Amino acid sequence: MTTAAAHHTPVPKVSTLVLVFVTLIVATVVTTLISYIDLGEWNIVVALIIAVTKASLVAWIFMGVRYTTSLTKLFVCAGLVWLSILIALTYSDYTSRNWIYQARPWSQTKAPYFEDKAK
Amino acid sequence: MADTIINANATEDVYPPVEEAHLKHHFATPGQQMDADTLGMWTFLITEVLFFGGMFASYAVYRNLYFPAFASTSKFMNVPLGATNTAVLICSSLTMAMAVRSAQTTQRKALIRFLLLTMFFGAVFLGIKGYEYHEKWVEHLVPGFGFHYEEVQFERNAQILFFLYFAMTGMHAIHMIVGFGLLTYLVVKAKQNTFSEHYFAPVEMIGLYWHFVDIVWIFLFPMLYLIGGTR
Numbered sequence: 106m107t108t109a110a111a112h113h114t115p116v117p118k119v120s121t122l123v124l125v126f127v128t129l130i131v132a133t134v135v136t137t138l139i140s141y142i143d144l145g146e147w148n149i150v151v152a153l154i155i156a157v158t159k160a161s162l163v164a165w166i167f168m169g170v171r172y173t174t175s176l177t178k179l180f181v182c183a184g185l186v187w188l189s190i191l192i193a194l195t196y197s198d199y200t201s202r203n204w205i206y207q208a209r210p211w212s213q214t215k216a217p218y219f220e221d222k223a224k
Numbered sequence: 010m011a012d013t014i015i016n017a018n019a020t021e022d023v024y025p026p027v028e029e030a031h032l033k034h035h036f037a038t039p040g041q042q043m044d045a046d047t048l049g050m051w052t053f054l055i056t057e058v059l060f061f062g063g064m065f066a067s068y069a070v071y072r073n074l075y076f077p078a079f080a081s082t083s084k085f086m087n088v089p090l091g092a093t094n095t096a097v098l099i100c101s102s103l104t105m106a107m108a109v110r111s112a113q114t115t116q117r118k119a120l121i122r123f124l125l126l127t128m129f130f131g132a133v134f135l136g137i138k139g140y141e142y143h144e145k146w147v148e149h150l151v152p153g154f155g156f157h158y159e160e161v162q163f164e165r166n167a168q169i170l171f172f173l174y175f176a177m178t179g180m181h182a183i184h185m186i187v188g189f190g191l192l193t194y195l196v197v198k199a200k201q202n203t204f205s206e207h208y209f210a211p212v213e214m215i216g217l218y219w220h221f222v223d224i225v226w227i228f229l230f231p232m233l234y235l236i237g238g239t240r
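So the sequences go chain by chain: A and L.
Residues in the first sequence are numbered consecutively from 106, following the numbering used here.
Residues in the second sequence are numbered consecutively from 10, following the numbering used here.
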């Protein structure tokens, strides 16, 4: 019997676990080495792509998401959606704040919008 | 078939009819109980993702605002030690996955061995982390406590990165220490013959937690140590 008796979860093969482990170690070495090369803005992009790949491997194989029910998979995806909302909306707020006018104390405010209204 | 029967006879004295003993009355089958356990654990982990996500979001914002200052801190980060720590945590993830596998296949000795190995790697990680904290302390890079930065123009904004560094790695380290306690609990339970192929939910759930902490570090390492591209 290769499935654990308590439920339907198949027992992962040792070779699969070791293969994932080796991949993760190689990815760590690669991400460290790449950081010594100046790719400009692409450094962080490459680093994050490698990190996301590593995290997905850990979640999919080590944490056994592949064996879980569709409902659990849906929950995992929902968590990622909320995380992306958290980061994307916070980030977009801070980057777009200065697009209208620089926020200043009221005493110094000469916002063109209000001046136009006054005229 | 024969070995299954022998196995069943051999374990009968050691293990009570565990499927019944560990099946809570509100579940129909062990499979249903396991699915519920897994879903509940993932729900908790999602709250953890969002908890760390708050710090990741603030990191993203400040990195965008003060990129030159953030990049200038990379030369104070001990990249070889950070990379070593990443590898150590990945080792501990492998031993944790092997521990879960040992529990699923009723290998008690292997289970205890892998749990202790996981704790060992966790301890190595915390030891290295402690050494790095000490380095930062000696170099006056702990925010608030006599913070001193060579490049004066970056002093204020670099301090934000070091604040994030200590908040994020500190929160991560606290999670490691909690995991350490949970693993100790598992070792004690495993020594009492609690786990078998019929009942291994606690090992698997604490394994999920441990892997999650590993994933957090997988992101922390490039974000905190490798900002500055060239050095």
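Glycine included, every Cβ here is placed at the ideal spot set by N, Cα and C.
Computed from a predicted model, the values in this text were never measured in an experiment.
L:G62: contacting residues in chain A (beta-carbon distance under 7 Å): In the second sequence, the residue the question calls residue 62 of chain L occupies position 53. Within 7 Å Cβ-Cβ: L188, L191, I192.
9 Å Cβ cutoff, L:Q201 in contact with chain C: Protein chains in the displayed structure are A and L, and chain C is not among them.
Classification of A:K159 by the beta-carbon crowding that lies within 10 angstroms, buried from 16 upward: As a working mapping, residue 159 of chain A is identified with position 54 in the first sequence. A:K159 should be labelled buried.
Proximity to L:T104 [Cα-Cα], best of L:D44, L:I121, L:Y208: Position 95 of the second sequence, counted from the start, is the residue given in the question as residue 104 of chain L. Checked all of L:D44, L:I121, L:Y208; the closest Cα to L:T104 is L:I121.
Between the CA atoms of A:V163 and L:I224 - distance to the nearest angstrom: Taking the second sequence and counting its residues from 1, one reaches residue 224 of chain L at position 215. Taking the first sequence and counting its residues from 1, one reaches residue 163 of chain A at position 58. Cα to Cα, L:I224 sits roughly 7 Å from A:V163.
Cβ separation of L:N73 and A:T137, assumed to be a contact under 8 Å, to the nearest whole Å: Mapped onto the second sequence, residue 73 of chain L falls at position 64. Mapped onto the first sequence, residue 137 of chain A falls at position 32. Their Cβ separation, rounded to whole angstroms, is 24 Å, which puts L:N73 and A:T137 out of contact at 8 Å.
L:T114 beta carbon less than 9 Å from that of L:L192: Against the second sequence, residue 192 of chain L aligns to sequence position 183. Against the second sequence, residue 114 of chain L aligns to sequence position 105. Cβ atoms of L:L192 and L:T114: not closer than 9 Å.
L:D46 versus L:H184: straight-line alpha-carbon distance, rounded: As a working note, residue 46 of chain L is residue 37 in the second sequence. As a working note, residue 184 of chain L is residue 175 in the second sequence. One C-alpha to the other measures close to 20 Å.
Helix, strand or coil at L:S101 [DSSP, three-state]: Position 92 of the second sequence holds residue 101 of chain L. Looking at L:S101 - three-state DSSP - the assignment turns out to be helix.
Separation of A:I142 from A:I190, as counted between CA atoms: For the purposes of this step, residue 190 of chain A is taken as the residue at position 85 of the first sequence. For the purposes of this step, residue 142 of chain A is taken as the residue at position 37 of the first sequence. If I take the Cα positions, the gap works out to 32 Å.
Residues within the region 93–110 of chain L neighbouring chain A, beta-carbon criterion of under 9 Å: T95, A96, I99, C100, S102, L103, M105, A106, M107, V109, R110
First through last residue of the alpha helix (DSSP H) which encompasses L:P211: In the second sequence, residue 211 of chain L corresponds to position 202, counting from 1. First-last of the alpha helix (DSSP H) with L:P211: 210–229.
Cross-strand partners of L:S205 (DSSP beta bridge): Locating residue 205 of chain L in the second sequence gives position 196, counting from the first residue. Answer by DSSP bridge pairing, in chain order: L:Y208.
8 Å contact criterion, which L:S81 and L:G237 should meet: CB distance rounded: By 1-based counting over the second sequence, the position of residue 81 of chain L is 72. By 1-based counting over the second sequence, the position of residue 237 of chain L is 228. That pair is a contact at about 7 Å.
Among L:K84, L:H220, L:F221, the one whose alpha carbon lies nearest that of L:Y158: Here residue 158 of chain L corresponds to residue number 149 of the second sequence, with the count starting at 1. The option with the nearest alpha carbon to L:Y158 is L:K84.
Proximity of L:F129 and L:F228 at Cβ, strictly below 9 Å: The residue given as residue 129 of chain L occupies position 120 in the second sequence. The residue given as residue 228 of chain L occupies position 219 in the second sequence. No, Cβ-Cβ distance for L:F129 and L:F228 is not below 9 Å.
Burial state of L:R110 (16 or more Cβ within 10 Å): As a working note, residue 110 of chain L is residue 101 in the second sequence. Buried, since its Cβ has 16 or more Cβ neighbours within 10 Å.
A:F180 and L:L48 closer than 9 Å at C-beta: To locate residue 180 of chain A, count along the first sequence from 1; it is residue 75. To locate residue 48 of chain L, count along the second sequence from 1; it is residue 39. Closer than 9 Å, so yes.
Neighbouring residues, chain A, relative to L:H220 (Cβ below 8 Å): Position 211 of the second sequence holds residue 220 of chain L. Result: V163, A164, F167, M168.
Chain L residues whose Cβ lies nearer than 8 Å to that of A:V116: Residue 116 of chain A sits at position 11 when you count from the first residue of the first sequence. Within 8 Å Cβ-Cβ: R110, Q113, T114.
Coarse secondary structure for L:F156, derived from DSSP in three states: Taking the first residue of the second sequence as position 1, residue 156 of chain L is located at position 147. Three-state result, L:F156: coil.
Cβ-based neighbour list, L:M232, same chain, cut-off 7 Å, excluding 5 preceding and 5 following: On the second sequence, residue 232 of chain L is found 223 positions in, with the first residue counted as 1. The answer, listed in chain order, is Y68.
Interface positions of the region 125–138 of chain A facing chain L (Cβ-Cβ less than 7 Å), listed along the chain: F126, L129, I130, T133, T136, T137
Nonlocal neighbours in the same chain, by C-beta distance under 8 Å from L:Q41, ignoring five residues either side: Indexing the second sequence from 1 puts residue 41 of chain L at position 32. Cβ neighbours of L:Q41 beyond the five flanking positions: none.
A:V150: contacting residues in chain L (beta-carbon distance under 8 Å): Here residue 150 of chain A is taken as the residue at index 45 of the first sequence, counted from 1. Going along chain L, no residue has its Cβ under 8 Å from A:V150, so there is no contact; the nearest lies around 11 Å.
The region 123–134 of chain A in contact with the region 87–106 of chain L per 3-pair CB rule at 8 Å: yes
Residues, ordered as in the chain, of the region 205–237 of chain L that lie near chain A by beta-carbon distance below 7 Å: E206, H207, Y208, F209, L217, H220, D223, I224, I227, F228, P231, L235
Listed by chain order, chain A residues near L:V70 by CB distance under 7 Å: Walking along the second sequence from the start, residue 70 of chain L turns up at place 61. By Cβ distance, chain A contributes T195, Y196, Y199.
Span of the alpha helix (DSSP H) around L:I121: The count along the second sequence starts at 1 and reaches residue 121 of chain L at position 112. Element bounds for L:I121: 117–147.
Residues of the region 43–60 of chain L with Cβ closer than 8 Å to any Cβ of chain A, in chain order: M43, D44, T47, L48, W51, T52, L54, I55, V58, L59
Minimum Cβ-Cβ distance from A:S140 to chain L less than 9 Å: Along the first sequence, one-based indexing puts residue 140 of chain A at 35. A:S140 counts as touching chain L.
Alpha-carbon to alpha-carbon, L:K145 and L:E164: Reading the second sequence from its first residue, position 155 is the one you call residue 164 of chain L. Reading the second sequence from its first residue, position 136 is the one you call residue 145 of chain L. Rounded to whole angstroms, L:E164 to L:K145 spans 15 Å at the Cα level.
CB contact below 9 Å: L:G88 versus chain A: One-based indexing of the second sequence puts residue 88 of chain L at position 79. Looking at the sequence shown, residue 88 of chain L is not Gly but Val. Output row for L:V88: interface = yes.
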